[in-house]
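Participant: If you scroll down you'll find the structure; I have some questions about it.
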Amino acid sequence: MNTLIFRTIGPFLVAIMLVFSVFVTLRGHNEPGGGFIGGLIAASAIAIYGMSSGVATVRRALRVNPIAIAGAGAALSGIAGFASLAFEAPFMTGLWAIAEIGGYEINVSSPMVFDIGVYLVVLGTISAVALALEDDGGED
Amino acid sequence: MDLSLDIAIAMVAIVPFLAAAVAPFIHRVAGAATGWVLAIVPATIFVFLWGFVGPVSEGRFVSAGIDWVPSYGLTLSFFVDGLALMFALAISGIGTFILIYSGSYLKGHPHQGRFLAFITAFMGAMLGLVLSDNVLGLFLFWELTSVTSFLLIGFDHGREKARRAAIQAIVVTGAGGLALLLAALLLNRLFGVWDISAMIGSGLDLRGHGAYGLVLGLVLLAAFTKSAQFPFHFWLPNAMEAPTPVSAFLHSATMVQGGVYLLARTTPLLGGTDAWFVILVTFGGFTLIWGALAAIRQTDMKQMLAQTTLASLGLLVLLIGLGTEAAFLAMALYFIAHALYKAGLFLTVGIIDHGTGTKDITRLGGLRDPMTATFMAAILGGLGMIGLPPLVSYIAKEEMYLALASGDPLSLAILLVLVVGNGLLAAVGLAIMIRPFMGPLRETPHPPHEGDVASLSGPLVFGTIGVLGGIAAVWLGESLVAPAASSIANVAYESHIKLIVDPRSVLFWLSILTWAVAGLAYWRLDALRAGLQRLAAAPRWSFDQGFDAVMFGLVRGAAALTRLLHHGRLELYLVVFFIALAVALLAPLYLLDGLPALPPMPDLTFYEWGVMAVAVAGVVTVVVARRRLFAILALGIQGLAIALLFMLFGAPDLAFTQFMVEILSVVILTLVMTRLRLDHEDPRPLEDFARDGMIALLCGVGVTLLMLRVVSLPFEDRLSAFFATYSAEIAHGRNIVNVILVDFRGLDTLGEISVVMAAGIAILALIRSQKRPAPPEQPLVAPSGDASRSAP
Numbered sequence: 001m002n003t004l005i006f007r008t009i010g011p012f013l014v015a016i017m018l019v020f021s022v023f024v025t026l027r028g029h030n031e032p033g034g035g036f037i038g039g040l041i042a043a044s045a046i047a048i049y050g051m052s053s054g055v056a057t058v059r060r061a062l063r064v065n066p067i068a069i070a071g072a073g074a075a076l077s078g079i080a081g082f083a084s085l086a087f088e089a090p091f092m093t094g095l096w097a098i099a100e101i102g103g104y105e106i107n108v109s110s111p112m113v114f115d116i117g118v119y120l121v122v123l124g125t126i127s128a129v130a131l132a133l134e135d136d137g138g139e140d
Numbered sequence: 001m002d003l004s005l006d007i008a009i010a011m012v013a014i015v016p017f018l019a020a021a022v023a024p025f026i027h028r029v030a031g032a033a034t035g036w037v038l039a040i041v042p043a044t045i046f047v048f049l050w051g052f053v054g055p056v057s058e059g060r061f062v063s064a065g066i067d068w069v070p071s072y073g074l075t076l077s078f079f080v081d082g083l084a085l086m087f088a089l090a091i092s093g094i095g096t097f098i099l100i101y102s103g104s105y106l107k108g109h110p111h112q113g114r115f116l117a118f119i120t121a122f123m124g125a126m127l128g129l130v131l132s133d134n135v136l137g138l139f140l141f142w143e144l145t146s147v148t149s150f151l152l153i154g155f156d157h158g159r160e161k162a163r164r165a166a167i168q169a170i171v172v173t174g175a176g177g178l179a180l181l182l183a184a185l186l187l188n189r190l191f192g193v194w195d196i197s198a199m200i201g202s203g204l205d206l207r208g209h210g211a212y213g214l215v216l217g218l219v220l221l222a223a224f225t226k227s228a229q230f231p232f233h234f235w236l237p238n239a240m241e242a243p244t245p246v247s248a249f250l251h252s253a254t255m256v257q258g259g260v261y262l263l264a265r266t267t268p269l270l271g272g273t274d275a276w277f278v279i280l281v282t283f284g285g286f287t288l289i290w291g292a293l294a295a296i297r298q299t300d301m302k303q304m305l306a307q308t309t310l311a312s313l314g315l316l317v318l319l320i321g322l323g324t325e326a327a328f329l330a331m332a333l334y335f336i337a338h339a340l341y342k343a344g345l346f347l348t349v350g351i352i353d354h355g356t357g358t359k360d361i362t363r364l365g366g367l368r369d370p371m372t373a374t375f376m377a378a379i380l381g382g383l384g385m386i387g388l389p390p391l392v393s394y395i396a397k398e399e400m401y402l403a404l405a406s407g408d409p410l411s412l413a414i415l416l417v418l419v420v421g422n423g424l425l426a427a428v429g430l431a432i433m434i435r436p437f438m439g440p441l442r443e444t445p446h447p448p449h450e451g452d453v454a455s456l457s458g459p460l461v462f463g464t465i466g467v468l469g470g471i472a473a474v475w476l477g478e479s480l481v482a483p484a485a486s487s488i489a490n491v492a493y494e495s496h497i498k499l500i501v502d503p504r505s506v507l508f509w510l511s512i513l514t515w516a517v518a519g520l521a522y523w524r525l526d527a528l529r530a531g532l533q534r535l536a537a538a539p540r541w542s543f544d545q546g547f548d549a550v551m552f553g554l555v556r557g558a559a560a561l562t563r564l565l566h567h568g569r570l571e572l573y574l575v576v577f578f579i580a581l582a583v584a585l586l587a588p589l590y591l592l593d594g595l596p597a598l599p600p601m602p603d604l605t606f607y608e609w610g611v612m613a614v615a616v617a618g619v620v621t622v623v624v625a626r627r628r629l630f631a632i633l634a635l636g637i638q639g640l641a642i643a644l645l646f647m648l649f650g651a652p653d654l655a656f657t658q659f660m661v662e663i664l665s666v667v668i669l670t671l672v673m674t675r676l677r678l679d680h681e682d683p684r685p686l687e688d689f690a691r692d693g694m695i696a697l698l699c700g701v702g703v704t705l706l707m708l709r710v711v712s713l714p715f716e717d718r719l720s721a722f723f724a725t726y727s728a729e730i731a732h733g734r735n736i737v738n739v740i741l742v743d744f745r746g747l748d749t750l751g752e753i754s755v756v757m758a759a760g761i762a763i764l765a766l767i768r769s770q771k772r773p774a775p776p777e778q779p780l781v782a783p784s785g786d787a788s789r790s791a792p
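Chains as they are written, first to last, in UniProt numbering: chain A, 1 to 140; chain B, 1 to 792.
This is the structure we're talking about:
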């Protein structure tokens, strides 16, 4: 697996996949996509990175433990649910704000924040498992 | 009812808990004087409650409450009537001196602050218990008394006996607590209210109701475990492992009276039936005689008192069971008398133990000179136990005989039980007040020294009140006893109680007879004790050992069941899972005749057929492949073909997810395989192959049939229509799948991501915890579980 070609193009592939995962997540509300799929793509990217460059490199690049990313995601989703309580609406009521930046309408909403939380949970959990498996059982 | 009174009455139950929270800090500052400082709390409560004596004796009652869970209509309601007031005054009054005594008794103990905190918290729980009107509040405080009792019995937790006694007490009383909870819920279902006063006032007669037997059984179970009635009596003598103030306070004067209180409180609801009479009188009477005989058998004075407490509890239960006016008056009088003399005697025994180093009655003697004040206290307590005029206990005894003076055979039989029981108790009282003090001075572990003011104040004050109460019997009867008896019966009684010693009355001669029994038993005490000890040693079985047998049986049974179900063989788990799945799928289809008709051959394009062919080829390859890696890849190919199908039939989100899950599955499965260092090939014996193949086939057929059955039903499109209509309109999103996931059913997703994360943590633990490679099974389960959820 650890061929020169794979090692060289791995990081580029990872960068593209990560950007794509964010794109898929953010467009999810209107087009196919969403936090779950985005998270899976990002997790695949991390797994590929681990195979091509070694787990230690990935862990250094991530800076935080992947399971902590998952934890932060779960917390973020929970907070997004609680946000509506501040407006005296029931738990998990969607809140929407439409901002105009440079002529583009940008929707900012609590479901979007929630979806980002989902993204982080999936990314964190799957990459944590993948990295742990690659750690000393893998071929590197 | 004005708000301040509501809060004031709630505070009676709550302030002791607050005091308990700060008790260790007070102890750090005040040291040995902490007992005196903390005693201010119950003393204040006592004075506050004393103010209700007047209104309550005029037949009024006070109800109060604070919001508890307003959304469920629950109020933490309190109710001060004669019965509650009598108990609450006893708890706070005795509690005051117990705290003072504890300050002295445990002087220098490293955990004295903790002890005082526990006992103060207990007092709050007990006050809450007797003042509660709400049955759930009653249950809550009831459990709190069990918990604080557990902490206090196990206070000396370094000793195994103390730990065992604590566990035994909480298991027995906790079981009763559960019964009480069930009874409380049942009562609420039957009456539609939570407050006992409202139940009594509702006019619904429970006694004719079908559920009466059930409620009665539950209440009796709760009361009998708490008040240590036969056959649940065994925990109380063991509870004497607790320090002496605890024995005096919890296990004679107050906590164990909780069961008696419950019976008295529920008398208007449950009492007056034949079952009530027979059960209470039989068990009460039996416990009376059992406890009295067991007391004579003991040489440890604390154990003697513990066993007499059993007897007295039996007596109180019996009196409630009799259910006549005189019986209720006698019950209230005897409760007061018993609380006073028994708490006093326990504390006295504690002083003797503290002062000489032993509480064995056969090793003590001649203490009248070195411990004169203690002797005085012992005489006051002992006379109370004997029931001499003019003490309250004398009047209580006369009153209980009056309750049985009708002369019919049943009354005479019960009367005989009471006379013998009271006589034996009086003999124990005689022994405790005479044996340690008279005769020549005996050698004790350390030279006897007198108790200090803090420890002597309690027993002397209790004894004095016992005498004064008897002299002021008319007042006592009118202001405390008659109101309490009236609350039990829910009928207004006039007090007829006064102190009379009338030789023309048959009651007086019954007292003489009691004392004669006492004198006889005391005269032959040693012989009687030896005989009873032989008798008790004869059977190989005791209730105490029975408890152990039940507990060990539970542990062993649980272990056996765990081994049976949790054998640790992964392969068998999977077999069981999938057989269960196949049965769950196929049995209903077959039994309910839901087998679907074969659908017509679908009209598909060539590329659709092509994709299906790829999927089938993948599956076949998985089954026949000899190399594991090959099988994993083939599984992936089959999955990708399914993803393509989703795409072709217009479910892009699902296809997208399926693609990612398949890729990750292959990657992770491969990683797991390399980590487990499995062989490249997976040879299996034929019988395994046949078994697994059969199960797999059954599951596959089951799922297929179920799917065919489902799609043969008319499509219900209300939900689809709803989501299609409102997704963009109210949730600002055109991708219905995503809107459902993050908005309409966001709570489900929140739950799912929590599960994903928890599964991830578990997998990590599994991978990391073992040095040898571990088999993580879950990675495929969590993501694909979610993928299937994406399709609404």
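For every residue, glycine included, the Cβ atom is placed at its ideal position computed from N, Cα and C.
(1) Give me the Cβ distance between MET385(B) and ALA330(B), rounded to the nearest whole Å; I'm assuming they're in contact under 8 Å.
(2) Check whether chain B comes within 7 Å of THR74(A), counting only Cβ atoms and requiring the distance to be less than that.
(3) I need the DSSP call for SER202(B), collapsed to helix, strand or coil.
(4) Check whether the Cβ atoms of SER495(B) and ALA484(B) sit closer than 7 Å, and answer yes or no.
(5) At a CB distance below 8 Å, what residues from the segment 36-47 of chain A approach chain B? Give them in sequence order.
(6) Closest by CA to GLU58(B), which one among ALA651(B), VAL80(B), GLY65(B), MET11(B)?
(7) So which of ALA64(B), ALA117(B), VAL53(B), ARG60(B) has the shortest CA-CA distance to ALA39(B)?
(8) Nearest CA to the CA of ALA587(B): which residue from LEU705(B), PRO503(B), LEU741(B)?
(9) Please give the ranges of any alpha helix (DSSP H) in the segment 450-494 of chain B, keeping only runs that are unbroken, at least 4 residues long and fully inside the region.
(10) As a quick exercise: from HIS251(B), GLY208(B), GLY350(B), GLY259(B), pick the residue whose alpha carbon is nearest that of LYS244(B).
(11) Can you find a CB in chain B that lies within less than 7 Å of the CB of LEU133(A)?
(12) Can you name, in chain order, every residue of its own chain whose Cβ lies under 7 Å from the Cβ of GLY217(B), other than the five neighbours on each side?
(13) DSSP on ASP679(B), reduced to helix/strand/coil?
(14) On the DSSP letters alone, give me the boundaries of the alpha helix (DSSP H) that GLU399(B) sits inside.
(15) In chain A, which residues lie less than 9 Å from ALA643(B) when you measure between Cβ atoms?
(16) Any beta carbon of chain A sitting closer than 7 Å to that of ASN738(B)?
(17) Just the Cα atoms here: how many angstroms apart are ARG28(B) and GLY259(B)?
(18) Could you tell me whether the Cβ atoms of PRO459(B) and LEU347(B) are closer together than 7 Å?
(19) Can you confirm whether PRO55(B), when its beta carbon is compared against all beta carbons of chain A, has any partner nearer than 7 Å?
(20) Please confirm if VAL64(A) has its CB atom under 7 Å from at least one CB of chain B.
(21) Can you give the Cα-Cα distance for PHE115(B) and VAL281(B), rounded to whole angstroms?
(22) From which residue to which residue does the alpha helix (DSSP H) around GLU608(B) run?
(23) Decide if VAL135(B) is buried, meaning its Cβ has at least 16 other Cβ atoms within 10 Å, or exposed.
(24) Tell me whether PHE577(B) is buried or exposed, calling it buried when 16 or more other Cβ atoms sit within 10 Å of its Cβ.
(25) Please confirm whether any heavy atom of the ligand ZN lies closer than 6 Å to the CB of VAL420(B).
(26) Quick check on the burial criterion: 16 or more other C-beta atoms within 10 angstroms. Buried or exposed for GLY466(B)?
(27) Counting only Cβ pairs nearer than 8 Å, list the residues of chain B close to SER53(A).
(28) Please confirm whether SER720(B) has its beta-carbon closer than 7 Å to some beta-carbon of chain A.
(29) Three Cβ pairs or more, each shorter than 8 Å: is that satisfied between the segment 556-570 of chain B and the segment 461-480 of chain B?
(30) Does DSSP classify GLY531(B) as helix, strand or coil?
(31) Could you confirm whether any beta carbon from chain B is found closer than 7 Å to the beta carbon of VAL121(A)?
(32) Is the separation between the beta-carbon of LEU18(A) and that of ALA43(A) shorter than 7 Å?
(33) Buried or exposed for ASP748(B), going by 16 or more other Cβ atoms inside 10 Å?
(34) Report the rounded CA-to-CA distance for LEU532(B) versus TRP290(B), giving the unit in angstroms.
(35) Please decide whether ASN30(A) counts as near chain B, where near means a Cβ-Cβ distance under 7 Å.
(36) Does the structure place the segment 516-524 of chain B close enough to the segment 420-434 of chain B that three or more beta carbon pairs sit under 8 Å?
Facilitator: Once the coordinates are examined:
(1) Actually they are not in contact, since the Cβ atoms of MET385(B) and ALA330(B) sit about 16 Å apart, beyond 8 Å.
(2) Per the sequence shown, the amino acid found at residue 74(A) is Ala instead of Thr. True, the Cβ-Cβ gap to chain B drops below 7 Å.
(3) coil
(4) no
(5) PHE36, ILE37, LEU40, ILE41, ALA43, SER44, ALA47
(6) VAL80(B)
(7) ALA117(B)
(8) LEU705(B)
(9) 453-471, 473-476, 482-489
(10) Correcting the residue type first, residue 244(B) is Thr in the shown sequence and not Lys. Among HIS251(B), GLY208(B), GLY350(B), GLY259(B), the Cα nearest to that of THR244(B) belongs to GLY350(B).
(11) yes
(12) none
(13) coil
(14) 392-403
(15) Per Cβ cutoff of 9 Å: no residues; ALA643(B) is ~12 Å from chain A at best.
(16) yes
(17) 36 Å
(18) yes
(19) no
(20) no
(21) 37 Å
(22) 606-624
(23) buried
(24) exposed
(25) Looking at this structure, you won't find the ligand ZN or any other ligand, since it has none at all.
(26) buried
(27) Chain B residues near SER53(A): none, gap ~16 Å exceeds 8 Å.
(28) no
(29) no
(30) helix
(31) yes
(32) no
(33) exposed
(34) 11 Å
(35) yes
(36) yes
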